[in-house]
Amino acid sequence: EAAALEFSHAATGEQKRLLTLVPELASRLNTTGEDHITKHIASEKLFGDAETAELLGLVNYPGVNMTSILPPSVTSGMNPISAMQAIEVQSRLPDYVNLRLDKLSMRHSLETRTPFLDYRLAEFSASLPVNLKVNLKTGQEKYICRESFRRCGILPDGVSVRPKKPFTIPVADWFSKMDSLPDFITEIILGGEVERQGILNGETVRKLALEVTGAGVGPETMVSAGDQIFSIVVFSLWYREFMEGSV
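In terms of this note's numbering, the sequence shown opens at residue 2 and continues consecutively.
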């Protein structure tokens, strides 16, 4: 979103560089009628409104106004990076990242609470101008932190500028190989389990399953067909155990 904002007033050469640096920028530029906050939320959703309507078998689906639940500190006039950071800090960070980190680390008796969550450091970081948070000329995030470590010799150059490499689960690769999946999963995806439960449209689920491919899916992919199918499998198992009382 920050690249899209800069693209609008950049010279031709700079626009080409941004398109190369941020591959998903082209599709963002083709999306009209939405501000950067709405676009960011849409990019994080597992299913769009049209996909949700088809999955639930609904003709008239009103959709969900996700911006209505945004914290008051997030406004449409904010810089895209500042707005996204505010959304992340007040939603994904406590409800997903830290929750998952705590569960997995404590399961193995590890203490992984990060010093970067110290409230004084967090407040200071939030007050910094955007150009110190992200260097759009190089696409480098955590810019002031990396540059400080580099200049002070705390980290070697090769480490301080190394791109972020998130730990992602290869769900797209898993679900692109249906023959190797356990029977209970294929029964949900391709069998009659979805119809039996009566919540989701079985034909839509099967069609989506055929679209799963591991090609082009990587750490930067927001949502793949594999992620969508995985969520359907998890929902079906949850429904069976907690709504029907069976395993």
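Note that the Cβ used here is the ideal one computed from N, Cα and C, for glycine as well.
Beta bridge counterpart(s) of residue i as assigned by DSSP
i	result
Q141	N136
Short Cβ contact (7 Å threshold) for residue i with residue j
i	j	result
D174	G215	yes
Q198	L47	no
D170	V234	Inspection of the sequence shows that residue 170 is occupied by Ile rather than by Asp. No, the pair does not count as a contact, with Cβ atoms beyond the cut-off.
I42	A84	no
A210	I189	no
Own chain partners of residue i with C-beta closer than 6 Å, once the 5 adjacent residues on each side are dropped
i	result
N132	none
V195	L201, G203 and V206
A127	none
C146	none
E212	A226
R241	S247
Residues of its chain near residue i, where Cβ-Cβ distance is below 8 Å and the 5 sequence neighbours each way are ignored
i	result
S106	E112 and T113
L30	A5 and F8
D158	R151
A123	V90 and F117
Q16	F8
L129	I145
V60	A54
M329	Residue 329 falls outside the range modelled here, since the chain spans only 2 to 248, and no answer is possible.
Neighbourhood of residue i by C-beta, 7 Å cutoff - its chain only, sequence neighbours within 5 removed
i	result
I82	A3, V131, K134 and V135
V172	G227, D228 and F231
M244	none
D50	Y62 and G64
Rounded Cβ spacing between residue i and residue j (contact assumed at less than 8 Å)
i	j	result
L19	A12	The Cβ separation is near 11 Å, so there is no contact.
A1	S74	The structure shown does not extend to residue 1, since the chain is modelled only from 2 to 248, so the question has no answer here.
V23	G140	7 Å
K165	E142	7 Å
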